[in-house]
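Residue numbers (the numbering used here): -1 to 409.
All residues carry an ideal CB built from backbone N, CA and C; glycine is no exception.
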Ligand code: ADP
Ligand code: ASP
Ligand code: MG
């Protein structure tokens, strides 16, 4: 018998009508003889509403109590879905994170799963019941409720699939698969039939929010195939699985990801000597801020260097404040900041074996008059930082330059 984990995101359970439609879909899989574990998100917009409620009392809200508030969204949908399944004669049982239990560390608002109990869900499956699990939430070793970070129900689903040794983890959402880029930005984006874990990991970490990055990390580590599907229509979706046989030629570019949540900081004219990067970034790390791209280039005439890096936009003000004293100690005295930038990235495992991709990318951006502020590359991706106002134009220009549209023939 096949064991499937089926996860339904916020839009898929966004109204009673949608919950009834999900129940029909789950009932169909159950009647086909599969064992089913369902994971659900809160109704769309609900988690944002709960964040606003907490902010209305305290800004920023205490992180433990915020998780108590946020976890309620998913508790509503598991109950409603079980009622809808019951109405269809499908035996179902709801589980909150602590009831499973999904044990996490104590990092409120961004907890990591450390262990999952399999007994309760195993017994429900044994009894022929569909298990309906609340996504996004867990419990720490002291019994506190935790949440896994925005989009965390994807991670709950994959973690349940790993724990229960499921055959496939199906992520039902409001698009019918993973596309060459976000179809909301480029309507001509093409659906991908298959992606490697490595490519999906890169796309997710570079901003493609269709899957939470930690979900892909888990799936890759434990080799659980993920299938992204539409909850609105039937189809085969996109399979995310290990890289196929090396003899199968991989597409050169599989997709374009982008991220608006970035900000750029530059320390001007710091001395070119050992220890400077450490002085600049040490303070940033001490402030708990993650750094993404880094560029440093020495000016040979003056023996000084400009040091530029990017951080999450939410950390921008804190980063400027931590950097100013360091900059003046280093004799620079000037920090330039820009929180209106965006990062666009080309991703593809086939890039390894193709030369000239970077120049083709830069040519396409130049043709649209888009200035590149920073560049970073790895074996399977090239990222550029541009002015945020060029984000959509840049994504569309690259999509067309690399002929990623539906039915386009790769050259
Ligand atoms: P859910 O609520 O089901 O978890 P999300 O909103 O988190 O859904 O993820 C689905 C959304 O991801 C889509 O509506 C789409 O706008 C966005 N998205 C971003 N990049 C991509 C991509 N490459 N392919 C498909 N969808 C993408
Ligand atoms: N409800 C949570 C959120 O909106 C988790 C999820 O939907 O995956 O982020
Ligand atoms: Mg999501």
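Return yes when at least one heavy atom of the ligand ASP lies under 7 Å from the C-beta of residue i, else no.
i           : result
residue 82  : no
residue 75  : no
residue 256 : no
residue 335 : no
residue 132 : no
residue 71  : yes
residue 40  : yes
residue 45  : yes
For the ligand MG, is there a heavy atom less than 7 Å away from the beta-carbon of residue i?
i           : result
residue 152 : yes
residue 7   : yes
residue 149 : yes
Residue i and residue j: beta carbons closer than 8 Å?
i           : j           : result
residue 374 : residue 291 : yes
residue 302 : residue 294 : no
residue 183 : residue 393 : yes
residue 346 : residue 250 : yes
residue 333 : residue 222 : no
residue 18  : residue 82  : yes
residue 107 : residue 39  : no
residue 165 : residue 402 : no
residue 261 : residue 335 : yes
residue 255 : residue 287 : no
residue 208 : residue 173 : yes
residue 75  : residue 48  : no
residue 121 : residue 79  : no
residue 329 : residue 240 : no
residue 282 : residue 321 : yes
residue 157 : residue 216 : yes
residue 5   : residue 170 : yes
residue 123 : residue 27  : no
residue 151 : residue 348 : no
Which whole-angstrom value describes the C-beta separation of residue i and residue j, a residue pair presumed to lie in contact below a C-beta threshold of 8 Å?
i           : j           : result
residue 135 : residue 227 : Contact doesn't hold; Cβ gap of about 23 Å is too wide.
residue 133 : residue 72  : 5 Å
residue 153 : residue 225 : In fact, because the Cβ distance is near 16 Å, the residues do not count as touching under 8 Å.
residue 131 : residue 214 : Actually they do not touch by this definition, with Cβ atoms about 19 Å apart.
residue 362 : residue 399 : 4 Å
residue 378 : residue 113 : Contact doesn't hold; Cβ gap of about 32 Å is too wide.
residue 339 : residue 371 : 7 Å
residue 386 : residue 258 : 6 Å
How far does the beta strand (DSSP E) with residue i in it extend, from its first residue to its last?
i           : result
residue 255 : 253 to 269
residue 6   : 1 to 6
residue 379 : 379 to 385
residue 100 : 100 to 102
residue 187 : Residue 187 -> no beta strand (DSSP E), and no H or E assigned at all.
residue 28  : First-last for residue 28: 14 to 29, but that is the alpha helix (DSSP H), not the beta strand (DSSP E).
residue 182 : Taken as a continuous stretch (DSSP letters only), residue 182 belongs to no beta strand (DSSP E), as it is neither H nor E.
residue 375 : 372 to 376
residue 33  : 33 to 38
Taking 7 Å as the cut-off, is the beta-carbon of residue i closer than that to any non-hydrogen atom of the ligand ADP?
i           : result
residue 181 : yes
residue 340 : no
residue 201 : yes
residue 52  : no
residue 194 : no
residue 259 : no
residue 214 : no
residue 252 : no
residue 206 : yes
residue 10  : yes
residue 234 : no
residue 393 : no
residue 119 : no
residue 145 : no
residue 304 : no
residue 156 : no
residue 173 : yes
residue 20  : no
residue 176 : yes
Considering only heavy atoms of the ligand COA, does any lie closer than 7 Å to the CB of residue i?
i           : result
residue 379 : The ligand content of the structure shown is limited to the ligand ADP, the ligand ASP and the ligand MG, which means the ligand COA is not among them.
First and last residue of the alpha helix (DSSP H) that includes residue i?
i           : result
residue 284 : 274 to 284
residue 357 : 355 to 365
residue 393 : 389 to 399
residue 203 : 195 to 203
residue 52  : 44 to 55
residue 66  : 61 to 68
3-residue-minimum beta strand (DSSP E) runs that sit fully inside the segment 209 to 250, ordered along the chain: You should have 224 to 228, 236 to 239.
Runs of beta strand (DSSP E) wholly within the segment 76 to 133 (minimum 3 residues, chain order): As far as the segment 76 to 133 is concerned, its whole beta strand (DSSP E) runs of at least 3 residues are 90 to 93, 100 to 102, 111 to 114, 128 to 132.
Continuous beta strand (DSSP E) assignments of at least 3 residues falling wholly in the segment 282 to 347: Runs of the beta strand (DSSP E) inside the segment 282 to 347: 289 to 297, 302 to 310, 333 to 345.
Taking the runs of the alpha helix (DSSP H) that are 4 residues or longer, which of them lie wholly in the segment 138 to 180? Taking only runs of at least 4 residues, the alpha helix (DSSP H) segments lying wholly in the segment 138 to 180 are 151 to 161.
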